[in-house]
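Each remark here refers to the structure printed beneath this line.
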Amino acid sequence: MKLRIVLSWAVVGLPLAWGVWQVAVKSMDLFK
Amino acid sequence: MPFLDRDHSIADEHFSRWLVPPAALAIHLSIGQAYAFSVFNLPLSRLNGGTESAPGDWKLSSIGWIFSLAIVFLGLSAAVFGAWLERVGPRRAMLTSALCFAGGFEVAAIGVVIHSFWIVLLGYGVLGGIGLGLGYISPVSTLIKWFPDRPGMATGLAIMGFGGGAMIASPLSTMLMAHFKPVAPQGVAPTFAVMGALYFIFMMFGVLTVRVPRPGWKPAGWTPVAGAQRLVTTSNVSADRAIRTPQFWLLWLVLCLNVTAGIGVLSVASPMIQEMFPGRISVSAAAGFVGLLSLANMGGRIGWSSFSDVVGRKAVYATFFLLGAALYAFVPTFGRAGNVVLFVAGDVVILSMYGGGFATIPAYLRDLFGVMQVGAIHGRLLTAWSTAGVLGPVLVNYIREYEIAHGVAKADAYTTTMHVMVALLCAGFVCNALVRPVDARHAATDDAPLAVST
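If you read the sequences in order, they're chains A and B. 62 is the number of the first residue of the first sequence in this note's numbering; add one for each residue after it. 12 is the number of the first residue of the second sequence in this note's numbering; add one for each residue after it.
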């Protein structure tokens, strides 16, 4: 069950982390 | 298909409730794409012309209706189908949402190929909008039932996904359009088709994972603490009765006013910071500011709603309105003083509270009306969002245009708007302060007391 929980969170967490990273990088332009 | 029935989605005793938030996130991360629809606006306006609009191309003002219609149908479908959702359970509702949302993309792709604006409007705006509404409320109501000990955190997790969905969809759409541009005008139609398929698969992960708790289930070691918070009910109110209570309409106003204030800033964020700091903030820096606000919006959803589990829903909304009013009053001063850091920080906090307002409202409803039909009640309350979606941008834009037309400098044109927002937030504070426990006569059962009074 623990493995299933980890995998389930990875399925949604990885795309979300990718999206957040894209926006975070873009928002750095404000501080340049 | 019996597999989709509520009875067939009841969790067995080995099921962990921590599998439900990923199921909810799969739905909300998908439908959150709606907030990134604007990346298609320019390409859709140049399908014939290529680098610029040509005769026969759709106007940007018309294209704006696709998103607006989707949000209107989000509110309508959430309000209309909320009771159905409670009856059939989350699995069937989430599958219907996936079919509508992904189907909306496919219909819109056909509309782009045959260059029929009405088919795009019908596909993404109507069909997709219904998918948005069903997808928005079904995981929220399920999570509240799984996390009676932390309803704010649970709903915050799901609704955070709605904010995060745009962060995935925006770069993904841009990449797909660039990839398909050599084979289709602006690459829009194949991008719609591929995104529809991808989102359907992703949402099916949620459909297959979601479960409802067994009747009488509660977290191990947890017992409801009577009198812990004055507004928390131990009984249930039906959706039809809930909308006849003053509490429902007070919360409708609370959500509407909080969202109006936040949307007002969000809709003009890029031009506002450029006009308030002329020559200091470039276009790309302004885009960075918008990105930062998106992160604050998303972070506020999980942060403030989790905080509401500790201090109570009423206290959190009181903070939104008081702190929000103070920040709206001072943000123009920060701008006039040329202080970019304070200006940005103020707007970041405002947007975190905008997101927090969305994420905390389902738990507030659950506190007042119980869990029985919280999805249906939440659905009906979302009409406040549709109203605010029109009210916020209209207020900001019209006041700004009026000010500029009357000789006010662009940098100062937002001051009146901000002060109007202060007034709206003060009204929201009063509405929130007037919220009292729901009268026991509205309870679905006669024997249980509705509110646990202290």
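Note that beta-carbon positions come from the ideal geometry of N, C-alpha and C, so glycine has one too. Since the structure is predicted, the reported quantities are computational estimates derived from the model, not experimental observations.
Sequence-distant residues of the same chain with beta carbon closer than 7 Å to residue i, five excluded per side
i, result
"F211 (chain B)", "A109, A113"
"V419 (chain B)", "none"
"T185 (chain B)", "V50"
"V17 (chain B)", "Rather than Val, the amino acid found at residue 17 (chain B) in this sequence is Arg. Cβ neighbours of R17 (chain B) beyond the five flanking positions: V99, G100, V223."
Pairwise C-alpha distance: residue j and residue i
i, j, result
"F173 (chain B)", "P101 (chain B)", "17 Å"
"L91 (chain A)", "W228 (chain B)", "49 Å"
"T344 (chain B)", "M188 (chain B)", "42 Å"
"L266 (chain B)", "P257 (chain B)", "14 Å"
"A71 (chain A)", "I179 (chain B)", "15 Å"
"P13 (chain B)", "P404 (chain B)", "45 Å"
"A231 (chain B)", "A22 (chain B)", "15 Å"
"A337 (chain B)", "L436 (chain B)", "10 Å"
"A434 (chain B)", "R225 (chain B)", "46 Å"
"A462 (chain B)", "A455 (chain B)", "Below a pLDDT of 50, predicted positions are generally treated as unreliable, and A462 (chain B), at 40, falls in that range; the measurement from the model is reported next regardless. If you take the alpha carbons of A462 (chain B) and A455 (chain B), they lie about 13 Å apart."
"P460 (chain B)", "V441 (chain B)", "With a pLDDT of 41 at P460 (chain B), under the threshold of 50, the modelled position of that residue is not reliable, and the figure given next carries that caveat. In a straight line, the C-alpha of P460 (chain B) is about 27 Å away from that of V441 (chain B)."
"L75 (chain A)", "Y413 (chain B)", "46 Å"
"T465 (chain B)", "T245 (chain B)", "Annotation note: pLDDT 25 at T465 (chain B) (below 50); position unreliable, coordinate value reported separately. Spanning the two alpha carbons is a distance of roughly 13 Å."
"L132 (chain B)", "L80 (chain B)", "8 Å"
"K421 (chain B)", "A280 (chain B)", "14 Å"
"L334 (chain B)", "F369 (chain B)", "17 Å"
"L392 (chain B)", "I170 (chain B)", "15 Å"
"A466 (chain B)", "A356 (chain B)", "With chain B running from 12 to 465 in the structure shown, residue 466 (chain B) is simply not present."
"Q83 (chain A)", "R255 (chain B)", "45 Å"
"L362 (chain B)", "R28 (chain B)", "30 Å"
"P33 (chain B)", "P54 (chain B)", "33 Å"
"T220 (chain B)", "A78 (chain A)", "21 Å"
"D423 (chain B)", "F191 (chain B)", "44 Å"
"V205 (chain B)", "I125 (chain B)", "17 Å"
"T62 (chain B)", "S69 (chain A)", "42 Å"
"L64 (chain A)", "V123 (chain B)", "43 Å"
Proximity below 9 Å, CB of residue i to CB of residue j
i, j, result
"M364 (chain B)", "T330 (chain B)", "yes"
"V276 (chain B)", "M383 (chain B)", "no"
"L154 (chain B)", "A35 (chain B)", "yes"
"G346 (chain B)", "R291 (chain B)", "no"
"S316 (chain B)", "A374 (chain B)", "yes"
"T371 (chain B)", "G163 (chain B)", "yes"
"Y147 (chain B)", "H39 (chain B)", "yes"
"A85 (chain A)", "G167 (chain B)", "no"
"S152 (chain B)", "G386 (chain B)", "yes"
"S278 (chain B)", "N408 (chain B)", "yes"
"G478 (chain B)", "L85 (chain B)", "Nothing about residue 478 (chain B) can be read from this structure; chain B reaches only from 12 to 465."
"Y339 (chain B)", "A272 (chain B)", "yes"
"L304 (chain B)", "D358 (chain B)", "yes"
"D3 (chain B)", "L242 (chain B)", "Nothing can be reported for residue 3 (chain B), as the shown portion of chain B is limited to 12 through 465."
"C111 (chain B)", "G136 (chain B)", "no"
"M287 (chain B)", "F354 (chain B)", "yes"
"L87 (chain B)", "S397 (chain B)", "yes"
"G207 (chain B)", "F332 (chain B)", "no"
"L445 (chain B)", "L268 (chain B)", "no"
"P282 (chain B)", "P159 (chain B)", "no"
"N52 (chain B)", "G67 (chain B)", "no"
"S41 (chain B)", "F213 (chain B)", "yes"
Close-in-space but distant-in-sequence residues of the same chain around residue i (CB under 6 Å, 5 per side omitted)
i, result
"F128 (chain B)", "W69"
"Y46 (chain B)", "A177"
"R161 (chain B)", "D320"
"S517 (chain B)", "Absent from the structure is residue 517 (chain B), since the part of chain B shown begins at 12 and ends at 465."
"L376 (chain B)", "V385, I388, H389"
Beta-carbon separation (whole angstroms), residue i vs residue j, contact threshold 8 Å
i, j, result
"A94 (chain B)", "A250 (chain B)", "6 Å"
"V31 (chain B)", "W157 (chain B)", "5 Å"
"I130 (chain B)", "I121 (chain B)", "6 Å"
"R411 (chain B)", "T428 (chain B)", "6 Å"
"L15 (chain B)", "L106 (chain B)", "6 Å"
"L306 (chain B)", "V81 (chain A)", "7 Å"
"S149 (chain B)", "A90 (chain B)", "The Cβ separation is near 14 Å, so there is no contact."
"M89 (chain A)", "G299 (chain B)", "6 Å"
"G367 (chain B)", "G311 (chain B)", "4 Å"
"A37 (chain B)", "G217 (chain B)", "3 Å"
Same chain, Cβ closer than 8 Å to residue i, neighbours up to 5 away in sequence not counted
i, result
"V194 (chain B)", "P201"
"D458 (chain B)", "For D458 (chain B), the predicted model reports a pLDDT of 43, less than 50, meaning its position is unreliable; a value from the coordinates is still stated below. Around D458 (chain B): no qualifying Cβ."
"V67 (chain A)", "none"
Contact residues within the stretch 171 to 196 of chain B, judged by C-beta distance below 9 Å to chain A: M171, G172, G175, G176, A177, M178, I179, A180, S181, P182, L183
Under 7 Å (Cβ pairs) to chain A, residues found in the stretch 292 to 309 of chain B: S295, A296, A298, G299, F300, G302, L303, S305, L306
Chain A contacts made by the stretch 214 to 230 of chain B, where a contact means CB separation under 8 Å: F216, T220
Members of the stretch 148 to 159 of chain B that neighbour chain A once the beta carbon cut-off is set at 8 Å: Within the stretch 148 to 159 of chain B, no residue has a Cβ that lies closer than 8 Å to any Cβ of chain A.
Interface positions of the stretch 37 to 52 of chain B facing chain A (Cβ-Cβ less than 7 Å), listed along the chain: A37, L40
Interface residues of the stretch 261 to 295 of chain B facing chain A [CB-CB below 9 Å]: I284, I292, S293, S295
Members of the stretch 13 to 39 of chain B that neighbour chain A once the beta carbon cut-off is set at 7 Å: H25, S27, W29, L30, P33, L36, A37
Chain B contacts made by the stretch 76 to 89 of chain A, where a contact means CB separation under 8 Å: If the cut-off is 8 Å between Cβ atoms, the stretch 76 to 89 of chain A has P76, L77, W79, G80, V81, Q83, V84, A85, K87, S88, M89 near chain B.
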